[in-house]
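What follows is a set of notes on a single structure, which appears directly below.
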Amino acid sequence: MNFLTVSDLGEVGLQRLLDLGAKVKADPGLYRTALAGKSIGLFFMKQSLRTWVSCDIAAIQLGMHPISIRNEQTGFGTRETPEDVGQVLDRYLDALGMRVFDHADLVRTASVMRAPVINLLSDLEHPCQAIADVMTIAENVPLGGVNVAFVGDGNNVCRSLALAVQSSGGRMRIASPSGYEPHGLPGEVLMTSDPREAVAGADVVYTDVWASMGQEDEAELRRRHFARFRVDEDLFALAGDDAIFLHCLPAHRGEEVSESMLEHPRSRVFDQAENRLHSFKAILLHLLG
Numbered sequence: 084m085n086f087l088t089v090s091d092l093g094e095v096g097l098q099r100l101l102d103l104g105a106k107v108k109a110d111p112g113l114y115r116t117a118l119a120g121k122s123i124g125l126f127f128m129k130q131s132l133r134t135w136v137s138c139d140i141a142a143i144q145l146g147m148h149p150i151s152i153r154n155e156q157t158g159f160g161t162r163e164t165p166e167d168v169g170q171v172l173d174r175y176l177d178a179l180g181m182r183v184f185d186h187a188d189l190v191r192t193a194s195v196m197r198a199p200v201i202n203l204l205s206d207l208e209h210p211c212q213a214i215a216d217v218m219t220i221a222e223n224v225p226l227g228g229v230n231v232a233f234v235g236d237g238n239n240v241c242r243s244l245a246l247a248v249q250s251s252g253g254r255m256r257i258a259s260p261s262g263y264e265p266h267g268l269p270g271e272v273l274m275t276s277d278p279r280e281a282v283a284g285a286d287v288v289y290t291d292v293w294a295s296m297g298q299e300d301e302a303e304l305r306r307r308h309f310a311r312f313r314v315d316e317d318l319f320a321l322a323g324d325d326a327i328f329l330h331c332l333p334a335h336r337g338e339e340v341s342e343s344m345l346e347h348p349r350s351r352v353f354d355q356a357e358n359r360l361h362s363f364k365a366i367l368l369h370l371l372g
């Protein structure tokens, strides 16, 4: 089984990951030899902090041997095709995590591998982040019927979050400028160009950077288009009394989020970052255990 999109899990698989994540967080030594003798390649075409460190440590704490693979070492897509890289790595590894620009590269690589391929981020989705997000929500708010407001670009993070929240029985509201909405989401999603409408009474308020990696040349244009979509204390005050604030990081303080919101008493941003470790352990156990 691959994990290229949240949709690969289904409701039962998602709940299994959440249960496993909670177990390994409560008792980090519980599965410390569960995957002993196995290896995982961590392939990065994009910069990373949380993904790289959390995946590396998660593998080690389960007894695996992680190996970091950099694009400049492989010539992925130039020196060698994705299919050739995948067939070679399949002879060495028990699992392969990939952080790429183009989701099609994941699909092409996975198509020739027996070992599971894990999407560590692509232009389409960021499913590992979504598992940590929903795990963090569940630690603070009951998932059934939860109202999650995403304010900003309808990007890969937004899409995976929406799929995970809906699969957990929650509801999504997405506020984006015209032309930046996510497309093709299943189910009922409130789409609006008014951040106040999305946030009003919400249990969770979430935002992400306005310009992701690879969109640096659009940064100034996006600052103008997204100027009304900053999450600050005034906007957050419209959410429910017990609402929490989330951001997948890195944050551009003063742009999509005010300085004060990251340190707000209801901010769970750094719990969310920690949960990248526990949720990735759950992903490995689910795929390989």
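Numbering (this note's numbering), first residue to last: 84 to 372. Quick reminder that beta carbons are idealized off the backbone N, C-alpha and C, glycines included. Because the structure is a prediction, the values reported are computed rather than measured.
field: Unbroken stretches of the beta strand (DSSP E), 3 residues or longer, contained in the region 149–219
entry: Qualifying beta strand (DSSP E) stretches, in chain order: 178–182 and 200–204.
message: Do Leu345 and Val352 count as a contact pair if the criterion is CB distance below 8 Å?
response: It is a contact, given that the beta carbons lie within the stated cut-off.
- prompt: For Arg351, which three-state DSSP category applies?
  reply: Assigned with DSSP and collapsed to three states, Arg351 falls in coil, not helix or strand.
message: In whole angstroms, give me the CA-to-CA distance for Met128 and Ile143.
response: Approximately 22 Å between the Cα atoms of the pair.
query: Alpha carbon to alpha carbon, how far is Asp324 from Asp185?
result: In this structure, the CA atom of Asp324 is about 40 Å from the CA atom of Asp185.
message: Rounded to whole angstroms, what is the Cα-Cα separation between Ser261 and Ser276?
response: Near 7 Å, if we compare the C-alpha coordinates of Ser276 and Ser261.
message: Starting from Arg307, trace the alpha helix (DSSP H) in both directions and tell me its first and last residue.
response: Note, Arg307: alpha helix (DSSP H), Ala302 to His308.
Counted within 10 angstroms of its Cβ, other Cβ atoms place Glu303 as buried (16 or more) or exposed: Exposed: under 16 other Cβ atoms inside 10 Å.
message: Suppose the cutoff is 6 Å on Cβ atoms and the five residues either side in sequence are ignored; what does the same chain contact list for Leu273 look like?
response: Only Arg256 meet the Cβ criterion.
field: Of the residues Ala285, Val340, His330 and Asp317, the one placed nearest Phe309, counting alpha carbons only
entry: Checked all of Ala285, Val340, His330 and Asp317; the closest Cα to Phe309 is Val340.
field: Whether Leu204 touches Arg242 by CB criterion (8 Å)
entry: By the CB criterion at 8 Å, Leu204 and Arg242 fall outside the cutoff.
- request: Give the secondary structure of Leu375 by DSSP, where H, G and I count as helix, E and B as strand, and everything else as coil.
  value: This structure does not reach residue 375, given that the chain is present from 84 up to 372, and the question cannot be answered.
Gly180, buried or exposed, once every other Cβ within 10 Å from all chains shown has been counted against 16: Buried: at least 16 other Cβ atoms inside 10 Å.
- prompt: In its own chain, which residues sit with a C-beta less than 7 Å from the C-beta of Thr219, not counting the 5 before and 5 after it?
  reply: Counting only Cβ-Cβ distances below 7 Å, and skipping sequence neighbours, we find Leu329, Arg351, Asp354, Gln355 and Asn358.
- request: Closer than 8 Å by C-beta to Asp315: which residues in its own chain qualify, once you throw out the five before and the five after it? Chain order, please.
  value: Apart from the 5 residues on each side of it in sequence, Asp315 sits with its Cβ closer than 8 Å to the Cβ of Val340, Ser341, Ser343 and Met344 in its chain, given in chain order.
message: Within a Cβ cutoff of 7 Å, which residues of the same chain sit near Glu301, ignoring the five residues on either side of it in sequence?
response: Its chain contains Ala294 as the residues whose beta carbon lies nearer than 7 Å to that of Glu301, once the 5 sequence neighbours on both sides are disregarded; these appear in chain order.
message: Excluding the 5 residues flanking Ile327 on each side, which residues of the same chain have their C-beta closer than 6 Å to its C-beta?
response: Answer for Ile327: Asn223, Val287, Arg349 and Arg351, listed in chain order.
task: May I ask you to list the residues that DSSP assigns as paired with Arg254?
output: Arg254 pairs with Asn230.
- request: For Tyr175, count neighbouring Cβ atoms within 10 angstroms of its own Cβ and tell me buried if that reaches 16, exposed if not.
  value: Label assigned to Tyr175: exposed.
- prompt: Rounded to whole angstroms, how far is the Cβ of Ala285 from the Cβ of Val231, which I believe are closer than 8 Å?
  reply: With 8 Å as the limit, Ala285 and Val231 qualify as a contact, their Cβ atoms being about 7 Å apart.
task: State the CB to CB distance for the pair Phe126 and Pro210, rounded to an integer number of angstroms; the pair is presumed to be in contact (CB under 8 Å).
output: Between Pro210 and Phe126 the Cβ distance is about 16 Å, and since that is not below 8 Å, they are no contact.
message: Assuming contact is defined by CB atoms lying nearer than 8 Å, are Gly104 and Ser362 in contact in what I supplied?
response: Taking 8 Å as the cut-off, the beta carbon of Gly104 is found closer than this to the beta carbon of Ser362.
- prompt: Do you know offhand how far Arg133's Cα is from Ala283's?
  reply: Approximately 30 Å between the Cα atoms of the pair.
message: Quick check on this structure: which residue in Gly235, Gly237, Leu371 and Ser250 has the alpha carbon closest to the alpha carbon of Val229?
response: Check the Cα spacing between Val229 and each of Gly235, Gly237, Leu371 and Ser250: the tightest is with Ser250.
query: To which residues of the same chain is Val200 closer than 7 Å at the C-beta, ignoring the five residues directly before and after it?
result: If we look at Val200 and ignore the five residues flanking it on each side, its Cβ neighbours are Asn85, Leu87, Leu179, Met181, Leu189, Thr192 and Ala193.
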